[in-house]
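Peer 1: Dumping the structure here so I can ask a few things about it.
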Amino acid sequence: MFKKWKSVIAFVLIAILSTALVQCTSKSQEQSDIGPGVTEESVPDYAEDSENSKSGAEGEDSKVVTNVYMAIETLEFDSSVEKLEASVEKQSGYVEYSNIGYNNYIGREVYKSGNFTVRVPSEKEAVFKKEIAKLGNVTSESTSKSDITKTYRDTETKLKVLETKEQRILALMEKATAIEDIIKLEESLNETIYEKEQLKSEISSMDTQVSFSTVEVNLLEVERYSTGDTPDTGFWKKVSEAFKNSFYVFGVVLERLVIIAIYMIPFAILGVAIYIVIRKYILKRRNK
């Protein structure tokens, strides 16, 4: 009887040990599948950090092109142009384009106007705008921004593809033995190099557009600054400006009338001479 129970107990112990061994082996296999030193909890955190760092890097590397337009009235054109050029040089920029014209009004002085396309470093754009605003009376100002990040990244990707293609062609040329194959590979290589240089030029141009803001300045010489009423302009201020403008307009009109009268003197003399000749001719006909 005792031997029978002894056999049963031994069988139960063997079964328990076998089950425990199988479970330990299973857990060990799961950990080896995940990887040494990496737990299930740590994987999502790593992935999330990667996404955050990636999105942060993309935000920092955004490519934005800035364009500014300013229209300014000035009483002293030449002096304002000198100050504009000095400000451009001070901010480490350059004048990309300039055009100066002359407006000649009858009976008045010659007034100048100029259009300037200026490129200044993007980080100095705000300071430059404040400086040139002091040249005179700013009548118009606008700023536009264009995000070219996607275009820039796409161009970079295309460039990398072409560089890889170039390396593959060079590797094939080293192995090629047939003249026909070498000629075809050279043609493909030339096309690849040409396309690659074009993309490099585009990237360089975009880098310049991003690093240097474009500021269009329209400088107009005037006899007196124009006054623009705003919702904050008071009634008496408007009345005062109206009186000033009325006297100014009256003076301008009177000045032009006098100048026109002077221009008409030769025509008046010619008209009187013609009248005298015709009158004498008529009198002679009557006397006959």
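Numbered per mature numbering (1 follows the signal peptide of the UniProt record, and there is no 0), the sequence shown spans residues -22 to -1, 1 to 266.
Virtual Cβ for every residue (Gly too), placed ideally from N, Cα, C.
In the structure shown, what three-state DSSP assignment does R257 receive?
Peer 2: The answer is helix: DSSP assigns R257 an H, G or I state.
Peer 1: Helix, strand or coil for I50 per DSSP?
Peer 2: Three-state DSSP puts I50 in a strand.
Peer 1: Would you report the Cα separation of L261 and I254, rounded to the nearest angstrom?
Peer 2: Using only the alpha carbons, I get a separation of about 11 Å.
Peer 1: With a Cβ-Cβ cutoff of 7 Å, do L53 and I110 count as a contact?
Peer 2: The answer is no: Cβ separation not under 7 Å.
Peer 1: Ends of the alpha helix (DSSP H) at V105?
Peer 2: It spans E103 to I110 - the alpha helix (DSSP H) in which V105 sits, taken as one unbroken run.
Peer 1: How many Å lie between N168 and F55 at the Cα?
Peer 2: Roughly 53 Å between the two C-alpha positions.
Peer 1: Helix, strand or coil, according to DSSP, for T127 in the structure here?
Peer 2: In the structure shown, T127 sits in a helix (DSSP, three-state: H, G or I).
Peer 1: Taking the alpha-carbon of T129 as reference, which of E60, L177 and T205 has the nearest alpha-carbon?
Peer 2: If we check each option's Cα against that of T129, L177 comes out closest.
Peer 1: Check whether the Cβ atoms of E199 and Y89 lie closer than 7 Å to each other.
Peer 2: In contact: E199 and Y89 (Cβ atoms closer than 7 Å).
Peer 1: If I follow the unbroken beta strand (DSSP E) through K68, where does it start and stop?
Peer 2: Looking at the DSSP string, K68 is not in any beta strand (DSSP E); the run it does join, the alpha helix (DSSP H), is F55 to K68.
Peer 1: Taking 8 Å as the threshold, find out whether the region 158 to 167 comes into contact with the region 58 to 76 through three or more Cβ pairs.
Peer 2: In short, these stretches do not touch, since the Cβ pair count stays below three.
Peer 1: Name the one or two DSSP bridge partners that Y75 has.
Peer 2: Note: Y75 sits in a beta bridge opposite T95.
Peer 1: Taking the alpha carbon of I171 as the point to measure from, which residue in L113, T142 and I252 has its own alpha carbon closest?
Peer 2: Nearest C-alpha to I171: T142.
Peer 1: Comparing alpha-carbon positions, which option in S100, S166, E165 and K41 lies nearest S124?
Peer 2: Answer by Cα proximity: K41.
Peer 1: Return helix, strand or coil for R264, following the three-state DSSP convention.
Peer 2: In this structure, R264 counts as helix in the three-state DSSP scheme.
Peer 1: So does the region 64 to 71 actually touch the region 103 to 118, counting three or more Cβ pairs closer than 8 Å?
Peer 2: Touching, per the Cβ criterion.
Peer 1: When the Cα atoms are used, what is the spatial distance from V43 to E51?
Peer 2: If you take the alpha carbons of V43 and E51, they lie about 27 Å apart.
Peer 1: Quick check on S118: does DSSP put it in helix, strand or coil?
Peer 2: Residue state, collapsed to three classes: strand.
Peer 1: Please state the DSSP three-state secondary structure of T192.
Peer 2: If DSSP states are grouped into helix, strand and coil, T192 belongs with the strands.
Peer 1: Roughly how many angstroms separate the alpha carbons of T133 and I147, rounded to a whole number?
Peer 2: The straight-line gap from Cα to Cα measures roughly 21 Å.
Peer 1: Would you identify the three-state DSSP class for V231, choosing helix, strand or coil?
Peer 2: Here V231 sits in helix by DSSP.
Peer 1: Measuring only the C-alpha atoms, how far is L163 from E175?
Peer 2: Cα to Cα, L163 sits roughly 18 Å from E175.
Peer 1: Please classify Q187 as buried or exposed, where buried requires at least 16 neighbouring CB atoms within 10 angstroms.
Peer 2: Classification of Q187: buried, given that the 10 Å Cβ count is 16 or more.
Peer 1: Buried or exposed, going by whether 16 or more other CB atoms sit within 10 Å of the CB of V193?
Peer 2: Flag for V193 reads buried.
Peer 1: Could you have a look at K41 and say whether DSSP puts it in helix, strand or coil?
Peer 2: Three-state result, K41: coil.
Peer 1: E119 and M48 - do their beta-carbons sit closer together than 7 Å?
Peer 2: The answer is yes: Cβ separation under 7 Å.
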